[in-house]
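Below: the structure, in structure tokens.
Chains as they are written, first to last, in this note's numbering: chain A, 1 to 294; chain B, 1 to 358.
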């Protein structure tokens, strides 16, 4: 039983990282219908910026964390303005392909600037465990989980209680009507990209201490986040968080308790389960059923 | 036949002639690269039937290519595959496995079409992506190792069934002699040229088939589904039939392309068909033009040659990826409709005056 709880806690920690990135995907998808393939690489890139701040400029870890979030926001905002805006009217798939181009650029830039070698990334949390009733709980895991939880709560409050948040929701829901009442929809989309990049940066900085920093570190995480977002319902922020946590815990339990599933088959098995879920609920667990008009 | 059809046929013949003559003017190495363009072209044709015409996004076509490639590899090399008492290896020439590979992939694609009926948009994209992600793991899985060769893969031409286009048996002396193959006055003198002609001959046939399929009722139904499923269904298009059909056709094309890729690389392993292949196929379709046929050649050229060009620009670690990404984004910003969009625009420019009525 102790092992079970240990796996669940560890699963919640990795799951919260999936949740953060999945939420980033959902934010952009809700506003524009685009899946941003570059979300993971943007996260990786900003994590490198954090690393540079800490290692080369001696910035305190928490300060670097905050600074990086701000930088990531600027990066996301700028990307939307420079790269995504020119193709607003193009078919959706064109935009998706552009984000694939961004994947290549960020991945290449990271190896160009920082070289592809694997680096250790400092964690703001102590590398200790708490013993609670025979269950060893890693403080790292708890810290990761709580950080994401706080970020998500802040984001929710931002969307719910501020004027910009209201405008963001309005322009995602009905861009034309929002434009009519004076919401600058173009800038709202850019802010959406900025917020998504911020969430991604947090996910990256929380991933790096355990998997180490290298240009490909977020690729697997992105696949999991994509799966989590779809599992929860690609249009549901709550679904993204719930999907991420369920996926994190599920993956850990599958790996521990089902023998024939080794490390190689963990992802395929997880995806298979998600497929089965989707076949029963085609718009995800928490997504609204799609209704269409001709 | 409509007049536009006649011009189509004329252009097709011209293109065939150009393809026939091209190897005379380029090196053997280039011939091999152009062979790969032909292979990608076939895969893109298939993906476009699904994504461009029917509106179903697939991020997993690399997996269907893998199925085709492994079918060929297992049939050609000695993997002990038996049907009754018949062992396949050693008497199946590699090119005869190509249609079989297409069929196997096509059937699996068709079968996959049924669960996929319930999914749309990104949910379908994830489902197909899941196949692409799972495929390398499945191919490496211990229990299938006997057939798939596990992580090491299969070397196609260890056995006697290998392709020897250059060696024929002399009917008088019964000695094997090296002799170039002559076909329509063209001399095929190397494996690469043989590969080139094989893949492009197939590419042209597949292009013609796709054109015939899509110009009639089937194509109309596909496009109707793409534009509005509900409207299509209410006009009497059977969604289930046509969506699964689109998956089947599309996977058939991917299987043929995968089989050719296996022959071209002379071996298959799980990394021959990585996840990135599926993604770059989608890139190729969009660069060529969604819902187009022959302009997909440009998409195929793009995904085959751009990585090579990018490496010539700079070999520093990471630099080729940056170059590739920047060019990809610029192309998409300048040509959001891909090559086909550009061609359409040029066409409407030139025919704006008195040609307009046609």
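For glycine and all other residues, C-beta sits at the position ideal for the given N, C-alpha and C.
Asked                                                                                                                           : Found
Spatial distance of residue 143(A) from residue 8(A) (CA atoms)                                                                 : 15 Å
As assigned by DSSP and simplified to three states, the class of residue 131(A)                                                 : strand
Residues that residue 110(A) contacts on chain B, provided the C-beta gap is smaller than 8 Å                                   : 318
Reduced DSSP secondary structure (H/G/I, E/B, other) of residue 171(A)                                                          : helix
Assigned secondary structure, residue 57(B) (DSSP; H/G/I helix, E/B strand, else coil)                                          : coil
is_contact[residue 65(B), chain A] using C-beta, thresh 8 Å                                                                     : no
Assigned exposure category for residue 157(A) - 16 Cβ within 10 Å defines buried                                                : exposed
Interface flag, residue 97(A) vs chain B, CB-CB below 8 Å                                                                       : yes
Per-residue burial, residue 61(B) [other beta carbons within 10 Å of its own, 16 or more giving buried]                         : buried
Rounded C-alpha distance that separates residue 268(A) from residue 345(B)                                                      : 44 Å
Sub-8 Å separation of residue 248(B) and residue 110(B) beta-carbons                                                            : yes
Member of 31(B), 337(B), 13(B), 316(B) whose CA lies at the smallest distance from the CA of residue 112(A)                     : 316(B)
Neighbourhood of residue 151(B) by C-beta distance below 6 Å, restricted to the same chain and skipping five residues each side : 140
7 Å Cβ shell around residue 114(B) - same chain, five flanking residues per side excluded                                       : 244
Where residue 118(B) meets chain A, residues with beta-carbon distance less than 8 Å                                            : 278, 279, 282
Neighbourhood of residue 55(A) by C-beta distance below 7 Å, restricted to the same chain and skipping five residues each side  : none
Residue 324(B), buried or exposed, once every other Cβ within 10 Å from all chains shown has been counted against 16            : buried
DSSP three-state assignment for residue 119(A), whether helix, strand or coil                                                   : strand
Through-space distance from residue 138(A) to residue 319(A), alpha-carbon basis                                                : This structure does not reach residue 319(A), given that chain A is present from 1 up to 294, and the question cannot be answered.
8 Å Cβ shell around residue 238(A) - same chain, five flanking residues per side excluded                                       : 232, 286
Residues in the segment 93 to 115 of chain B having any Cβ partner in chain D nearer than 7 Å                                   : No chain D is present in this structure, whose protein chains are A and B.
Residue(s) in a DSSP beta bridge with residue 155(B)                                                                            : 267(B)
Beta carbon proximity, residue 160(B) to chain A, threshold 8 Å                                                                 : With a pLDDT of 43 at residue 160(B), under the threshold of 50, the modelled position of this residue cannot be trusted; read the value that follows with caution. By this cut-off, residue 160(B) is not an interface position.
Under 8 Å from the C-beta of residue 105(A): neighbouring residues of chain B                                                   : 321, 322, 325, 326, 329
Interface residues of the segment 65 to 88 of chain A facing chain B [CB-CB below 8 Å]                                          : 83, 86, 87
Residues near residue 109(A) by beta carbon distance below 6 Å, same chain, minus five either side                              : none
Through-space distance from residue 41(B) to residue 259(B), alpha-carbon basis                                                 : 13 Å
Contact with chain B by residue 47(A), beta-carbon distance below 8 Å                                                           : no
Start and end residues, alpha helix (DSSP H) containing residue 96(B)                                                           : Where residue 96(B) is concerned, there is no enclosing alpha helix (DSSP H), given that its DSSP letter is neither H nor E.
Residue 89(A) classed as buried or exposed, judged by whether at least 16 other C-beta atoms fall within 10 angstroms           : exposed
Cβ of residue 123(B) within 8 Å of any chain A Cβ                                                                               : yes
Residue 301(B) versus residue 155(A) - alpha carbon distance                                                                    : 44 Å
Under 7 Å (Cβ pairs) to chain B, residues found in the segment 176 to 188 of chain A                                            : none
Members of the segment 286 to 300 of chain B near chain A, C-beta cut-off 7 Å                                                   : 286, 290
Residue closest to residue 329(B), alpha-carbon to alpha-carbon, out of 118(A), 254(A), 79(A), 12(A)                            : 79(A)
Span separating the alpha-carbon of residue 72(B) from that of residue 291(B)                                                   : 29 Å
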